[in-house]
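Residue numbers (this note's numbering): 10 to 695.
For each residue, glycine too, the CB sits at the ideal point set by N, CA and C.
Input: a single structure, listed below in structure tokens.
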Amino acid sequence: MRPFYVTTPIYYVNDRPHIGHAYSTVAADVLARYAKLRGRPTRFLTGTDEHGQKIEERARELGKDAKAFVDEMSPPFDEAFRKLGCAYDDFIRTTEPRHEEKVQALWTLLAEKGDIYLGEYEGWYSVADEAFITEMELKALDEVTRSKVRKVREPSYFFKLSAYTDKLLAFYEANPTFVQPIGRFNEVKAFVREGLRDLSVSRTSFTWGVPVPGDPKHVMYVWLDALTNYVSALGGPAAPGAAPLFDRFWPPSADVVHVVGKDILRFHAIYWPAFLLAAGLEPPTQIFAHGWLTINGEKMSKRLGNFIPPGPLVDELGADVVRYYLMREVGFGQDGDFAHRQVFARYHGELGNGLGNLLARMVTGIVQKSFEGVVPAPAALGYEERELIAIAERAAAQAASHLDVVAPHRALDAIFELVAAANRYIDRTAPWALAKQGELERLGTVAYTVLESLRWLSVMLSPFMPEKTAALRAQLGLSPLTPTEALDAWPKAGDWGGLAAGTQTAPAAPLFPRFDPKDEEAILERLGAAGTKGADAKTGAKQGEQGVEAPKAEKATKKSDEAASAAKQEKSVSESSGTIVFDDFMKVELRVGLIVEAEAVPKSDKLVRCQIDLGEEKPRQILAGIRLHYAPEALVGKRVIVVANLPPRKMMGLESQGMILAASDTEHGLSVLGLEKDIAPGTRVS
RNA sequence: GGGCCCAUAGCUCAAUUGGUCAGAGCCGCCGGCUCAUAACCGGCUCGUUGCAGGUUCGAGUCCUGCUGGGCCUACCA
């Protein structure tokens with residue numbers, strides 16, 4: 010069987026572990042457990058990303074040595090994931106020598122290939138943050154911080170990413186499932202088609218990183234360091250024979266799936282294969298980008314402080330319930346919501362009523378009462394039995410094919426078809442009536458059929474709920490599953506009958522005990538989710554909406570003073586109510602401006618560079634994308650409305666210190682806002 | 001501005017290459033049962049599959065336009 014290697018992202022230790030980290034890791038764990046169950050040689054890796062300027066500074070703020078700081082920050086991830094039942098084979102930290110060594114080895118390979126050269130990095134530097142920031146981050150900054158951003162230059166090594174544009178496109182072409190979901194793959198391809206720029210891969214402005222071989226003033230920058238973990242954890246890059254794990258678990262020998270969040274897709278789908286191709290190594294088989302979770306309908310954000318740690322959830326509900334919910338609730342690859350009340354809804358409806366009760370009614374009920382707890386031998390199979398067996402076989406086949414394409418939610422859906430069918434089967438065959446009539450042989454067949462269904466379920470659900478399925482098996486009188494390499498334990502047609510008659514069952518407490526409403530509220534209270542809405546027993550329907558709207562409205566009033574900065578991070582909270590308060594409006598400084606000069610910006614279709622008198626000491630330079638509708642010379646002398654308090658922004662290398670208001674429709678084209686009278690330049694518009 | 005994805009019952013979502021595909025689960029209502037965790041089983045209500053056209057013997061399923069979401073990207077600030 011072909012070896013399988015699955016990874017999570019390595020998590021940046023600036024954060025504490027939260028449900029988002031748990032989601033990625035649980036998903037990878039399910040895939041790994043499934044692969045092991047099928048007998049595939051399997052390796053599962055997670056870990057932490059510990060270098061970089063942010064860490065260096067954070068440590069300094071805390072008066073700590075960077076290494077001491079990351080030594081504190083990394084273990085909570087390991088603990089959180091272990092607590093969630095994640096059984097990875099390795100946990101790598103980018104500060105480990107085994108990693109740093111290999112990052113340097115990869116660098117050397119790239120350098121020898123001639124794909125690394127020394128140049129000069131020019132980028133944005135935020136004085137307030139004392140950090141280099143990307144264009145994207147720049148946009149997200151608040152006004153105060155952004156005003157203190159400047160361009161800086163420093164020497165930097167570059168990776169010739171631009172040389173890999175065509176090679177990547179060819180690679181994508183040859184590997185049509187390289188990125189999942191498909192929509193994400195399209196984005197990646199579109200981005201690459203635009204052409205790639207060389208990538209800065211070193212920094213001299215901080216030291217907390219892996220030194221560049223031969224030039225220790227430089228440390229390697231973020232992604233080259235971080236991405237390499239997938240290979241370094243296997244002991245690669247290495248010559249054939251030198252690193253057995255690398256030989257066995259990296260292509261072309263193995264299938265490799267990197268599970269990532271959609272936010273870091275680009276690095277994994279573009280940079281990473283480019284690095285590997287450059288180094289003469291094989292890219293991974295697949296990058297699976299999963300979606301984002303919201304919490305009770307709200308985006309996770311520092312502002313809302315709603316990063317929920319997985320620990321307390323596990324304490325209250327158990328790891329398997331959290332795992333089940335994460336895998337069942339949202340389509341893997343899509344965005345989804347983690348709603349505390351919905352957890353209870355699924356817990357009660359599917360796990361308790363469906364699966365747990367199925368086990369209880371048979372093991373602590375029928376088998377105990379009529380067979381003294383011993384698994385009876387089945388007699389002749391009737392139509393009902395054959396039908397249930399067929400459903401079991403279908404469930405197993407479908408669940409497997411869903412898991413094979415990384416669709417765990419669908420796999421669970423398929424598996425629970427069997428739960429429903431088994432409950433139905435009990436009702437139809439009415440074992441209690443058989444018992445009353447003393448038809449023990451028929452009763453034995455019915456009991457056996459259900460017990461064997463439960464055994465199948467214990468296998469199929471084991472990747473999702475390892476503890477609960479072990480407990481289930483214990484009640485059936487079976488030992489826990491022990492996946493064995495090269496031995497496919499997944500149930501399939503022909504496997505029916507694996508449960509031996511005569512096995513002593515062990516009735517025990519309910520597998521998923523019901524919480525009464527009081528307990529449920531108490532738990533929600535302890536988890537800080539008492540006020541949340543969500544689908545629960547009453548009106549499952551509308552609560553999804555309310556769950557979104559209600560908390561937002563609340564936040565909007567409470568935190569309207571934060572609306573300005575919030576708006577930069579995400580949609581303004583007030584947008585949801587459709588109105589803004591007057592103060593919000595007044596934050597926009599609109600002024601009358603007199604255009605004193607205007608000229609087309611060279612090499613630009615749209616941009617016009619204007620010098621605009623705003624009643625200030627000297628005119629401001631403002632760029633406007635109106636060239637297609639206004640000849641520059643026709644603008645001179647016009648009075649326009651200008652947004653005067655936007656942070657400066659560069660376009661085509663020129664700084665724009667504001668924005669000219671205009672409106673457009675298809676019929677008339679674009680029209681700049683003007684005034685009917687010659688109001689003095691600089692006058693505030695209100 | 002360019003590009004991608006999506007829009008199916010109150011909610012989540014299914015519907016092989018266009019041909020009983022208009023479905024499932026949840027919620028709600030009614031009924032049955034009693035082995036079981038007030039669990040289980042059966043039945044029922046709501047949809048002109050976002051809107052408008054087109055191709056076809058036949059279209060959620062293909063084409064065009066529109067509306068409404070989401071996302072990626074860019075010199076629209």
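> Going along the chain, which residues of its own chain have a beta-carbon closer than 7 angstroms to the beta-carbon of Pro690, five neighbours each way excluded?
Replying inline: Val601, Gly602, Leu603, Asp622, Leu623, Gly624
> Between which two residues does the alpha helix (DSSP H) carrying Tyr43 extend?
Replying inline: 28-46
> Between Leu460 and Gly361, what straight-line distance do the alpha-carbon atoms span, to the nearest angstrom?
Replying inline: 17 angstroms
>> My output table needs one value for Tyr97: the three-state DSSP class, helix, strand or coil.
In response: coil
> DSSP puts Val383 in a beta bridge; with which residues?
Replying inline: Gln513
> Just how far apart, CA to CA, sit Arg759 and Gln666?
Replying inline: Residue 759 is absent from the structure shown; the chain starts at 10 and stops at 695.
> According to DSSP, is Ser665 helix, strand or coil?
Replying inline: strand
> Would you call the CB atoms of Ala118 and Pro220 closer than 8 angstroms?
Replying inline: The displayed chain sequence assigns Leu, not Ala, to residue 118. Contact: no.
> What are the start and end residues of each continuous alpha helix (DSSP H) run of 4 or more residues lying completely inside the segment 202-240, in chain order?
Replying inline: 231-236
> With burial defined as no fewer than 16 other Cβ atoms inside 10 Å of the residue's Cβ, what is the status of Lys561: buried or exposed?
Replying inline: Any reading at Lys561 must be qualified, since the residue scores a pLDDT of 27, below 50, and its modelled position is unreliable; the value itself is stated next. Looking at its Cβ environment, which holds 16 or more other Cβ atoms inside 10 Å, Lys561 is buried.
>> Among the candidates Leu127, Pro292, Trp217, whose CA atom is the shortest distance from the CA of Ala183?
In response: Pro292
> How is Gly340 classed by DSSP in three states: helix, strand or coil?
Replying inline: coil
> Hey, Pro472 and Tyr43: beta-carbon distance below 8 angstroms or not?
Replying inline: yes
> What three-state label does DSSP hand Ile191 in the structure shown?
Replying inline: helix
> Which full runs of the alpha helix (DSSP H) of 4+ residues lie inside the segment 454-498, going along the chain?
Replying inline: 475-485
> Apart from the five residues on each side of it in sequence, which residues of its chain come closer than 6 angstroms, Cβ to Cβ, to Glu554?
Replying inline: Low confidence applies to Glu554: its pLDDT is 28, below 50, so where it sits in the model is not reliable, and the reading given next is rough at best. Hits under 6 angstroms: none found.
> Does DSSP put Thr174 in a helix, a strand or coil?
Replying inline: helix
>> In whole angstroms, give me the CA-to-CA distance for Val455 and Glu88.
In response: 44 angstroms
>> In the DSSP assignment, the alpha helix (DSSP H) including Gln62 goes from what residue to what residue?
In response: 62-70
>> Between Tyr166, Ala242, Ser211, Glu81, which has its C-alpha nearest His108's C-alpha?
In response: Ala242
>> Less than 7 angstroms between C-beta atoms, sequence neighbours within five positions excluded: which residues of the same chain meet that for Asn315?
In response: Ile304, Glu307, Met309
>> Is the beta carbon of Ala510 closer than 8 angstroms to that of Ala386?
In response: yes
> Using the beta-carbon count (16 or more within 10 Å), is Ala204 buried or exposed?
Replying inline: Looking at the sequence provided, one finds Gly at residue 204 rather than Ala. Gly204 is exposed by the Cβ-count criterion.
>> Within 8 angstroms, do at least three Cβ pairs link the segment 53-70 to the segment 230-241?
In response: yes
> Within this structure, are the beta carbons of Phe167 and Gly128 separated by less than 8 angstroms?
Replying inline: yes
>> Please state the DSSP three-state secondary structure of Pro18.
In response: strand
> Who are the Cβ neighbours of Ala114 in its own chain at under 7 angstroms, not counting the five residues just before and after it?
Replying inline: Pro246
> Helix, strand or coil for Ser583 per DSSP?
Replying inline: Its pLDDT being 31, under 50, Ser583 is placed unreliably in this model, and the coordinates cannot settle the point.
>> Are the CB atoms of Val188 and Ala298 within a distance shorter than 8 angstroms?
In response: yes
> Hey, how far is the Cα of Val228 from the Cα of Glu325?
Replying inline: 44 angstroms
> Is Phe347 helix, strand or coil by DSSP?
Replying inline: strand
> Does the distance from the CB of Pro500 to the CB of Met469 come in under 8 angstroms?
Replying inline: yes
> Cα separation between Leu286 and Ser171?
Replying inline: 13 angstroms
> Does DSSP put Arg52 in a helix, in a strand, or in coil?
Replying inline: strand
> In or out: Gly503 buried (at least 16 other Cβ within 10 Å) or exposed?
Replying inline: exposed
> Going by beta carbon distance, what residues of the same chain come within less than 6 angstroms of His267, once the five residues before and after it are set aside?
Replying inline: Thr16, His277, Pro293, Ile296
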